[in-house]
Amino acid sequence: MKRRLTAAALVAAVSTVVVPGIASADPVVAVDGYSFRVLDEELVSGVNNLSGIDYLDGGYVAISDDESRVYSATLPVTATGFGRQGRVTTTKLREADGTSFPQGGEAVRVDPADGSLLWANPGVRTRRTTLDSTVQRSAATGTFVAQYPAAPHTAAVAGEGVRDGGGVAGLTFNPTGSLVISALASPLVQDGGTTVRVSFANRTTGAVLSQLAYELDAAPRRGTNELAEILTVDASHYLVLEHAVDSRGRDSVRLYEAGTIGARSVLPFASVIGATYTPMTKRLLVDFSDLHLHHDTNLAGMTWGPTLESGERTLVLASDNDCGGRTQLVALAVTLS
């Protein structure tokens, strides 16, 4: 495994500088059905606040939660790690009237059916401004195409709906591409506790067909814990990235497998408090502290990358640098059994 530092800005798409690795062996984390090993780490400058990333046909799209923009670039991933990035383009996301969308996004997926972008509008909930969290569809050029209705029970009204910063944070398609799955970052006001809702919507209309409960880990004392991303494994299993921050600002990132088999929809319930339901199953796959990454682990987005010649799948994760320092990319080699 090699670990490298990209000295040039990603948006400038210039050459990279390789820094020799310091690890004597690649950490491997194995649980029933999965094994993960660190393939490569890369730091890039000139790109800020990445909150989502997706891969399709050799290219990547990443979205920023700082401004309404997406970056597109090629970046090879092979058995030796990241290759040299291609030319990077920046695209502004626009509203129906052509003006720039007023805030950044939280997740992005490329629709394999038509190449359009599905992305998460996290919404706003302050004393002065209220904007529902929704899933947006834009053309690859950033032009507005459609806005899905806000998922049931999420509209920000008195005593109900998403919290500020707690809107849609994760997006993925089901294996056939017929459903768009969206996951909230934190519990609804009326749900409380640690239960976040995961909505399964018709790809074309955005109509929510089912809504399942996912139980977050408890937050650190005086800290926070949120869902950062969701990614399909198969028809009934998903990878879920949770990101906690303690009272000292230290990050903790864990990757879970969530399953839908046996889960009971919470769509009929305005609040899950006192309701009878069965949440998605959940098991820990990776605590990122066990991977001994060389840089911060404020990881916010993830996508399946290319399959290696070994048959391993690659999982690429991107960090949110909060406009400070370089952005971290991590490639894991994943064996599914």
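Using mature numbering (1 follows the signal peptide of the UniProt record, and there is no 0), the letters of the sequence shown map in sequence onto residues -25 to -1, 1 to 312.
Glycine included, every Cβ here is placed at the ideal spot set by N, Cα and C.
**Request:** Could you check how far apart the C-beta atoms of Leu25 and Asp295 are, in whole angstroms? I think they sit under 8 Å.
**Result:** As a working note, residue 25 is residue 50 in the sequence shown. As a working note, residue 295 is residue 320 in the sequence shown. With a contact defined as Cβ atoms closer than 8 Å, Leu25 and Asp295 qualify at about 6 Å.
**Request:** Would you identify the three-state DSSP class for Leu290, choosing helix, strand or coil?
**Result:** In the sequence shown, counting from the first residue as 1, residue 290 sits at position 315. Leu290: strand per DSSP, three-state reduction.
**Asked** What first and last residue would you give for the beta strand (DSSP E) that runs through Ala144?
**Response** Working through the sequence shown from its first residue, we reach residue 144 at position 169. Counting along the chain, the beta strand (DSSP E) containing Ala144 begins and ends at Val143 to Phe148.
**Item:** Inter-stretch contact (C-beta, 8 Å, three-pair minimum) for the segment 52 to 61 and the segment 113 to 132
**Value:** no
**Request:** For Asn200, write down the residues that DSSP places opposite it in a beta bridge.
**Result:** One-based indexing of the sequence shown puts residue 200 at position 225. Ala219, per the DSSP bridge assignment.
**Item:** Environment of Ser(-2) [buried if 16+ CB atoms lie within 10 Å]
**Value:** Against the sequence shown, residue -2 aligns to sequence position 24. Per-residue confidence for Ser(-2) stands at a pLDDT of 37, beneath the threshold of 50, marking its modelled position as unreliable; no derived number is given.
**Message:** How far does the beta strand (DSSP E) with Asn177 in it extend, from its first residue to its last?
**Reply:** Numbered from 1 along the sequence shown, position 202 holds the residue referred to as residue 177. Start and end: Thr170 to Asn177.
**Prompt:** Going by other Cβ atoms of all chains shown within 10 Å of its Cβ, with 16 needed for buried, is Ile156 buried or exposed?
**Reply:** Start at 1 with the first residue of the sequence shown, and residue 156 comes out as number 181. Answer is buried; the Cβ neighbour count reaches 16.
**Prompt:** Which runs of the beta strand (DSSP E) fall wholly inside the segment 231 to 278 and span at least 3 residues, in chain order?
**Reply:** 256 to 262
**Prompt:** How long is the line joining the alpha carbons of Gly(-5) and Leu268, rounded to whole angstroms?
**Reply:** Here residue -5 refers to the residue found at position 21 when the sequence shown is read from its first residue. Here residue 268 refers to the residue found at position 293 when the sequence shown is read from its first residue. Confidence is the limiting factor: at Gly(-5) the pLDDT is only 35, short of 50, which leaves the residue's position unreliable and the question unanswerable from this model.
**Message:** Tell me whether the segment 190 to 205 and the segment 140 to 147 touch, counting them as touching only if at least three CB pairs, one residue from each stretch, are closer than 8 Å.
**Reply:** yes
**Request:** Please report the residue range of the beta strand (DSSP E) in which Asn96 lies.
**Result:** For the purposes of this step, residue 96 is taken as the residue at position 121 of the sequence shown. Asn96 -> beta strand (DSSP E) spans Leu92 to Asn96.
**Request:** Would you kindly work out how many angstroms separate the C-alpha atoms of Asp40 and Asn273, rounded to a whole number?
**Result:** As a working note, residue 40 is residue 65 in the sequence shown. As a working note, residue 273 is residue 298 in the sequence shown. Computed Cα separation, rounded: 14 Å.
**Item:** Own chain partners of Ser153 with C-beta closer than 7 Å, once the 5 adjacent residues on each side are dropped
**Value:** As a working mapping, residue 153 is identified with position 178 in the sequence shown. If we look at Ser153 and ignore the five residues flanking it on each side, its Cβ neighbours are Arg178.
**Request:** Kindly examine the ligand HEM and report whether one of its heavy atoms sits closer than 7 Å to the Cβ of Phe244.
**Result:** Among the components of this structure there are no ligands whatsoever, and the ligand HEM is therefore not found.
**Environment of Ser113 [buried if 16+ CB atoms lie within 10 Å]** = Position 138 of the sequence shown holds residue 113. Counting the other Cβ atoms within 10 Å of the Cβ of Ser113 gives 16 or more, which makes it buried.
**Message:** Using only CA atoms, which one of Arg102, His218, Gly134 and Gly117 lies nearest to Leu159?
**Reply:** Taking the sequence shown and counting its residues from 1, the one referred to as residue 159 is at position 184. When each option's Cα is compared against that of Leu159, the closest is His218.
**Asked** How should Leu187 be labelled, buried or exposed, when 16 other C-beta atoms within 10 angstroms of its C-beta is the threshold for buried?
**Response** Reading the sequence shown from its first residue, position 212 is the one you call residue 187. Buried.
**Item:** One or two residues paired with Leu31 in a DSSP bridge
**Value:** Within the sequence shown, residue 31 is the residue found at index 56, counting from 1. BP columns for Leu31 point to Gly34.
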